[in-house]
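Read through the structure below, which is laid out as structure tokens, and then see the notes.
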Amino acid sequence: MIFYLSDTGNTGWAAKTIAERTSDRLLFIPELLRSSSTTFELRRGENLGLCFPVHGWRPPMIVREFIKRLRINTDGHYVYALCTAGDNIGETMDILSKDLSEKGIRLNASFSLIMPESYLGLPFFNVDSPNKERAKQETAEKELNGYLREIVDKREVRHLVCGHWPRLNSRLLGGFFVRHLITDKKFAVDSRRCVKCGICADVCPTKNVIGGLGYEPKWKHDGSCIACFACYHHCPHHAIDYGSLTKHKGQYFFGRKRN
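Be aware that the sequence shown starts at 1, since it is given in the UniProt record's numbering, and climbs by one per residue.
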């Protein structure tokens, strides 16, 4: 069983690749929370996997909320977690391990994959160049193949890119991120560019964007936004911006064809 969150597709690719290899069930965390389905039973010999993108050098708040509500017995089962990030993950897995231990779940293995950058909510953040994007994807594919062998063999390992200042990034900068940067209030649409295709509403993992075919998007402002920028990145006419922070910046989602 794999619980996963994905916004611009990096983690979705990784989680689906693992599920195809292991034949594990693949379950999308936002859908489970919307349906209040948080009680599960593992089959004999089944692993428990958690796959998610790093948000502010921490597990996303929606993932942590899901773990708080999760009811599952993992005694005798292999538990692993895999996260994706554009650069490094800080103390993400230590935070996750603590959250899981409070539910009586022991994390046996943890992995990180460095994937193309998609977070643009700070002035000095932008998408990677086409060459760097390709290089990251090629390296991640090779690393994931190695991780898959270790997952199948149920090895207790840690393959993590924590960076030079994991404590500073996760605790100080991560705290600032949670308090001030997880918001939809800065998102706005340019009516001159918007063609009302509805893609932004379709790709929003938390269904925070009100819209659809024939409508300009609106954001709910109800606290459900996770600031993943999926709406921004998937807009085919670059009609969505996050205040002035995304002006003249690029777009990325997994599988996007670069010009």
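Built from N, CA and C at the ideal position, the CB exists for glycine as well.
query	result
Bounding residues of the beta strand (DSSP E) (the contiguous stretch that carries residue 217)	215 to 219
C-alpha distance - residue 150 paired with residue 83, whole-angstrom precision	16 Å
Segment contact, 8 Å Cβ cut-off, at least three pairs: the stretch 175 to 182 with the stretch 216 to 227	yes
Rounded straight-line distance, which links the Cα of residue 86 to that of residue 164	15 Å
Proximity of residue 2 and residue 33 at Cβ, strictly below 8 Å	no
Beta-carbon spacing of residue 52, residue 5 below 8 Å	yes
Delimiting residues of the beta strand (DSSP E) encompassing residue 112	109 to 114
Exposure of residue 124, with buried meaning 16 or more beta-carbon neighbours within 10 Å	exposed
Residue 12: first and last residue of the uninterrupted alpha helix (DSSP H) it sits in	10 to 22
Beta-bridge partners of residue 39, as assigned by DSSP	71
Residue 153 classed as buried or exposed, judged by whether at least 16 other C-beta atoms fall within 10 angstroms	exposed
Beta-carbon proximity check, residue 72 vs residue 40, cutoff 8 Å	yes
Bridge partners - residue 158, DSSP secondary structure assignment	110
Boundaries (first-last residue) of the alpha helix (DSSP H) holding residue 232	230 to 234
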